[in-house]
Amino acid sequence: MASETLLNLSTDHCVLLAATYASESNLDALRLLLQYRRDAFEPELALRLILTYLPETVDPVLYTPLVAEILGVAPQEQDGAEQPSPNIQLDTSSVNELSDAKAHKLAKHLRLLPLDHSSFPAAACDDLAGRFLIHKAHRIAEAGILTLLPQLLDPFLDDRPFLKAWFISTVLPLLRFSYEYYADNVGEATWSLEQLENANVEQALEMLLSRSLSDTEHGQSMLARDMKYLVGPWMYGTSSRKRRKLSGRIRTRERRSSVQNTDSQSHGDDLEDDGMSEEQRRRNLKNEWDSALRWLSRAAAKNLQAVADAVQGWDGPGDVDLGGYESNAYLDDEDQGELEARYAQTVFAAVYAADDGSKPTIRYAHSLLVRIANLMEFDPPPELSAAGEAMPVIENAKGILKDLPNSGALQLDSLLNEKSLLTKPTKEAFALLELLVLSSQVFLELSNRLSVIAVARIRFQYDADEQLAIVKKVLHTLGATSKMDDADWAAVRSRLIWLWGWGLPRDDEEDELGNGVFNRIERGRLEGEILGALLNAGAYSLAAQAYIEELSPLTCLTVKDVEAVILKTALHHYDNASNGNRTRSGVKKASDIVTTFRKYFPASDALTRCEALLAATHALSFYKLTLQHGVPFQPVNIRVSNDPVSLIEKVLAQNPRSYTKLDDLIGIATNLVASGIGQDALAEFEVSTRRRESPEQVAAAKLKAERRVIGMSIEAALEEDDFETAYSYVVNRLTAMNQPGARSFETDDISWRAALAAGRHKSSSSSISASTNIATPPKLRRLEQRMELLSQTLLLAPSNALPEVLNVWRKCEEEMRVLQAAESAEEQAFNVRAEQQGVPGAFVNTTDAGTFVQPRREVGRGGREEAPVGLFDVARGAAAAFSRTAFPLRGHAGGSSRPGGFGNRGPEHTRHVSAAGSEGDGKDGEGRIRKRDMVANVVTGGLASGIGWVIGATPVDRQQR
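Numbering-wise (the working numbering), the sequence shown opens with residue 124 and increments by one.
In structure tokens form, the structure reads like this:
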């Protein structure tokens, strides 16, 4: 009954009825319709009707048998597939009332979808089933029911390699990513089937590995899993993707409008004539895997741990999971070998790419070394704990250790180049990478974090100065942050020496360059830096033992080199000191170094000069000293000065009365001269350079400095109006230094100028009165001193300076005449006043009470100028007075007849000496003894005995004995 009804329907009615059954998901009716009216449905038309009107939510298991019947193939049996009942009643009411014309019009306006999806042109595949299934899969994916695709495609995969490749490379990774591995990807943008299908390799890697580095499981990243289960399947479709793109560009094919009952063999071979050679296929596969491996290397720069975990769990491009859809290996032996080599090179590059020197990074780099050794069957690397001890052996050292061809050889792209010497999976490159990783570990043990790539840059791209800067940085870091004993410093030295040569033998034993990280530094230069670090750290015993007592020829250092390093280090601390006191700051360190090693170099002229410099600096530290612009004095100012003795002038200016410490200042100056500072040839205390001056010249220079300091002190004393000190320095110091036997062959410009300055100086009145304690008038005394200084100046000054000195002398003479005239006038005025006044206690002349006469003084001044009276004259006068007044008291004792006594002298002799007494007094004294004579005798006797003791005269009573 159903068959008769269907046979009576026109083709247009059948098409409309099939569209109705498909839209209603009435698959049984649709199947019967297609069976009974095969004449009305071509395979392509039937598939387009199903594609257009069958809802995507229908389980593909229900209609894949129908599709297989349409295509004339026998699909694999699927669980859940139901066979249609032969007793089904077909409902044709929807088309029964339509006329043929109306049915034709409606059928003509049906908008059937093409079998070819927009992203999959017909030229790419001649298989009718493949075109339908791919388009249907896209519609199901767009509906968000990606999980139905395996049921749709599985029955047709075995007979269609192209469809299988498309499913494995596109559908399978997307299913795993979205529904198995990252099903919790809520709120994040997801890729569609069409996007993944048309993505290039970079875009596909970005999508498939977007969460591989961030997501972890049990502390390990998912990168290994994603490379194996996502990227691997995607790479399986490399050839089919390339064929599809090539076919779409180079040719178009006519669509087939008729049904072709093709068997599985024809469908399996429909792409063998696409024009792609085997060489092109292999090249495409290699290029896409190269992109994936490059992504892996770049990821190592950000997260070496994830890459290390991935390498441990993934064996490379051959290790992929295709979901059981492909039992045979998709790579042949040749492809497998090439890709494994590229994978090993990628692991090499990953170690270089990690630009971090932390302990975990070095540990992961070492694990990659172990993995490379396993993959390439190399000897395993030594443990990190053996860094600096168990060293690998490089068989072809000359080839691998030579300089890199260009500066970009350490860039990641260059490292991934197949011809790169550093990453090509050879034993030599592996041994070099071992050395670099171990070197990074050694640097870490030396408290400096350097990545493997940084160590490689130092080894291959740095010059000697740059490498030496790294050595200095390492040593400075250790000295500044660590407290180490001699054993620790010995270990540091051994590690640095290993870094210098990597324990490899040198081609030429006389060559001082090594093969290691510091391959451009001479061994002696490296040892010198280590010695300096030992001195800085105070490891004096180790330094003395290693570099003096047990100095080895391997160090490439001589004893003079060691002495030079000691001096350089001491002066470095000296130059960086903020205080000149040798008990603290850098000067203390410098002093300790010089003192400790002085015994090893007893004849060292340079150390002697250094000691003199330290002594001068220490003495200067006790004075306040500020340089220009308020900058405090520092020891380095001495070393940079062309004339360090001039600093004493600043000391005198800034420290009141410092000129009184003349000996101290002279000691500073002579030590500065002895140090050789200010002389170009000796400014750096070179060990190999002896003083160019003879001992006589050095002594002359010291004498000159001494005179100069004395001159400065004289000027400083005069500035503070201390003439007496200046006078003393000129008379006692400069004069003694400028005796004929002590005069230098050079013109003494300092001495005569200092003496002239003192002779020219005019002191203030307060200074003059405070400084004098003698009977001479102060001003006259000061003028006499000035003239004495000028007389010294005349002896010291050169002939061309004599007019200047004589001019000052003339002015002093004028001042002298003025002062003498003033003093004479004052004395005369005093005498006049004395003559007009009575002496206290004297007797008054009753004959002329208004006039006081002093005959003794008048006799003394009789007609001539009175000469100065000396001490002996005073004594003789006192003795005469004593003899005249003593006779009445001892006349009965016969005192006048004593030989040698004062009483033997007559009145004439006494008159020549002094006019003491009057004639009346002598006459009165012969007859009686007056009371006033007794008092006078007592006073005169005491005076005479005192003066006699002064002049050493023998007393009268002793003469009698």
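Think of the CB as a built atom: it goes at the ideal place given N, C-alpha and C, for glycine as much as any other residue.
Here the structure is a predicted model, which means the values were calculated and not measured.
Looking at Ala164: is its Cβ nearer than 8 Å to the Cβ of Leu153? Note on residue identity: the sequence assigns Phe, not Ala, to residue 164. Contact flag unset, no.
*For Thr692, does the three-state DSSP call read helix, strand or coil?*
The answer is helix: DSSP assigns Thr692 an H, G or I state.
Review point. Helix, strand or coil: how does DSSP classify Pro921 here?
Key: Correct three-state label for Pro921: coil.
> For the alpha helix (DSSP H) that Lys425 lies in, which residues bound it at each end?
Replying inline: For Lys425, the uninterrupted alpha helix (DSSP H) run begins and ends at 401-425, by DSSP.
- Message: Beta-carbon within less than 6 Å of Pro183's beta-carbon, same chain only, minus the 5 sequence neighbours each way: which residues are those?
- Response: Once the five neighbours on either side are set aside, the close Cβ partners of Pro183 are Leu271, Gln274, Leu275.
task: May I have the straight-line CA-CA distance separating Leu748 from Leu857, to the nearest angstrom?
output: Leu857 has its alpha-carbon roughly 26 Å from the corresponding atom of Leu748.
**Study point:** Own chain, CB closer than 8 Å to Arg406, minus 5 neighbours either side, in chain order
**Key:** Cβ neighbours of Arg406 beyond the five flanking positions: none.
Open item on the list: Assuming Thr670 is part of the alpha helix (DSSP H), what are its boundary residues?
Closed with: This sequence places Tyr at residue 670; Thr is not what is there. Neither: Tyr670 is in no alpha helix (DSSP H) and is coded neither H nor E.
TODO: Output the distance between the C-alpha atoms of Gln960 and Asn930, rounded to the nearest integer angstrom.
DONE: Each residue's Cα considered, the two are about 46 Å apart.
**Item:** DSSP state of Pro296 mapped onto helix, strand, coil
**Value:** Collapsing the DSSP output to three states places Pro296 in a helix.
Q) If we count Cβ pairs, one from each stretch, closer than 8 Å, do we get three or more for the stretch 343-355 versus the stretch 438-451? A) Yes, they touch.
If we ignore side chains and look at the alpha-carbon of each, how far apart do Leu775 and Ala839 end up? Within the model, the alpha-carbon separation for Leu775 versus Ala839 is close to 6 Å.
Quiz item: Considering only residues of the same chain and omitting the five flanking positions on each side of Asp277, which have a CB-CB separation below 6 Å?
Solution: Around Asp277: no qualifying Cβ.
Any idea what DSSP makes of Leu636, helix, strand or coil?
-> Of the three classes helix, strand and coil, the one that applies to Leu636 here is strand, per DSSP.
task = Can you have a look at Leu788 and say buried or exposed, based on whether 16 or more other CB atoms are within 10 angstroms of its CB?
result = Per the 10 Å Cβ criterion, buried.
Roughly how many whole angstroms lie between the Cα atoms of Gly639 and Leu736?
If you draw a straight line from the Cα of Gly639 to the Cα of Leu736, it is about 41 Å long.
Quiz item: Counting Cβ pairs closer than 8 Å, one from the stretch 530-543 and one from the stretch 588-600, do we hit at least three?
Solution: Because the criterion of three Cβ pairs below 8 Å is not met, the stretch 530-543 and the stretch 588-600 do not touch.
Please return the same chain residues whose Cβ sits closer than 6 Å to the Cβ of Asn659, not counting the five positions on each side in sequence. Cβ within range, chain order: Gly602.
Give every residue of the same chain whose Cβ lies closer than 6 Å to the Cβ of His1035, excluding the five residues on either side of it in the sequence, and list them in chain order. A caution first: His1035 carries a pLDDT of 42, below 50, which makes its placement in the model too unreliable to give a value.
Self-check item: Alpha-carbon spacing of Val181 relative to Leu256, whole angstroms
Solution: Straight across, the Cα-Cα distance linking Val181 with Leu256 is about 14 Å.
Could you check if Phe953 is buried or exposed, using at least 16 other CB atoms within 10 Å of its CB as the buried criterion? Its Cβ having fewer than 16 others within 10 Å, Phe953 is exposed.
Practice prompt. Assign Ser701 to one of three DSSP states: helix, strand, or coil.
Written response: Coil at Ser701, not helix or strand.
Check whether the stretch 756-768 touches the stretch 778-785, taking contact to mean three or more Cβ pairs, one atom from each stretch, closer than 8 Å.
Under the Cβ criterion (8 Å, minimum of three pairs), the stretch 756-768 does not count as touching the stretch 778-785.
Next item on the list: Could you check what DSSP says for Ser216 in three-state terms: helix, strand or coil?
Entry: DSSP places Ser216 in helix when its eight states are reduced to three.
Run of the alpha helix (DSSP H) containing Thr546, from where it starts to where it stops:
Under the DSSP assignment, Thr546 falls outside any alpha helix (DSSP H); it carries neither an H nor an E label.
- Query: Looking at the unbroken alpha helix (DSSP H) that takes in Trp289, where does it start and where does it end?
  - Reply: 284-289 is the span of the alpha helix (DSSP H), which, as asked, contains Trp289.
Exercise for the section: Could you give the DSSP three-state label for Glu938: helix, strand or coil? Expected result: It is helical.
| Ranges of the alpha helix (DSSP H) found wholly within the stretch 156-195, counting only runs of at least 4 | Runs found: 166-176, 183-194.
Is Gln915 helix, strand or coil when you go by DSSP? For Gln915, the secondary structure class from DSSP, reduced to helix, strand or coil, is helix.
Neighbourhood of Phe279 by C-beta, 7 Å cutoff - its chain only, sequence neighbours within 5 removed
Cβ within range, chain order: Pro198, Ala252, Leu256, Leu286.
Once the 5 residues before and after Glu220 are set aside, which same chain residues still bring their CB inside 8 Å of it? Closer than 8 Å at the Cβ level, and outside the excluded window around Glu220, lies no residue.
Integer-rounded CB distance, given that Gly637 should sit under 8 Å from Arg629
Sure, about 7 Å apart at Cβ, within 8 Å.
- Message: Using only CA atoms, which one of Arg494, Pro548, Arg486, Leu555 lies nearest to Ile523?
- Response: Looking only at Arg494, Pro548, Arg486, Leu555, the smallest Cα-Cα distance to Ile523 is reached by Leu555.
Open item on the list: I believe Thr484 touches Ala477 by the beta-carbon criterion, under 8 Å. Please report the beta-carbon distance rounded to the nearest angstrom.
Closed with: About 5 Å; that satisfies the 8 Å criterion.
| field | Span of the alpha helix (DSSP H), counted from its first residue to its last, around Ser146 | value | 134-146 is the extent of the alpha helix (DSSP H) around Ser146.
Practice prompt. Determine the direct distance from the alpha carbon of Ile495 to that of Ala423, and round the result to whole angstroms.
Written response: Distance between the alpha carbons of Ala423 and Ile495: 15 Å.
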